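See below for the structure under consideration.
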Amino acid sequence: MSAVLIVVALTLVAVGATAVVFTPEPARQAVTLSVFGILLTLLFFVLQAPDVALSQLVVGTALVPLMVMLTVHKINQRHR
Numbered sequence: 013m014s015a016v017l018i019v020v021a022l023t024l025v026a027v028g029a030t031a032v033v034f035t036p037e038p039a040r041q042a043v044t045l046s047v048f049g050i051l052l053t054l055l056f057f058v059l060q061a062p063d064v065a066l067s068q069l070v071v072g073t074a075l076v077p078l079m080v081m082l083t084v085h086k087i088n089q090r091h092r
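Counted the way the numbering used here counts, the sequence shown spans residues 13 to 92.
Right, dumping it as structure tokens:
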């Protein structure tokens, strides 16, 4: 049962990573990156690494996409 969960989690992470790579617009890519962070968090929980999962949840799901969105917003303001 555990091996099946790991395979499913790894497959979801691979699909999520592909979605991030093929998202062309930076604002949408930040949202996709946030979803990818949630998928990585799920993988870390399945692999029984809750400390890494919580760190990923905070940094990869919230802070990095927020920084990307703020940067995109700032760049768009300067181009106007």
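Don't be surprised by glycine CBs; every beta carbon is placed ideally from N, CA and C. Owing to the predicted nature of the structure, the values given are computational and were not obtained by experimental measurement.
Practice item. Hey, could you find the ends of the alpha helix (DSSP H) His85 is sitting in? Key: In the sequence shown, counting from the first residue as 1, residue 85 sits at position 73. Start and end: Val76 to Arg90.
Check your understanding: For Val25, which residues of its own chain have a beta-carbon under 7 Å away from its beta-carbon, when the five flanking residues on both sides are left out?
Key -> Position 13 of the sequence shown, counting from 1, holds the residue named residue 25. Counting only Cβ-Cβ distances below 7 Å, and skipping sequence neighbours, we find Leu51, Leu52 and Leu55.
Check your understanding: Out of Val70, Ile87 and His91, which has the shortest C-alpha to C-alpha gap to Ala39?
Key -> Here residue 39 is taken as the residue at index 27 of the sequence shown, counted from 1. Comparing Cα positions, the closest option is Ile87.
Review point. Residues in its own chain within less than 7 Å of Val76 by CB, not counting five upstream and five downstream?
Key: In the sequence shown, counting from the first residue as 1, residue 76 sits at position 64. Closer than 7 Å at Cβ, skipping near neighbours: Leu45.
Practice item. Would you kindly work out how many angstroms separate the C-alpha atoms of His91 and Phe34, rounded to a whole number? Key: Counting from one through the sequence shown, the residue named residue 91 turns up at place 79. Counting from one through the sequence shown, the residue named residue 34 turns up at place 22. Approximately 25 Å between the Cα atoms of the pair.
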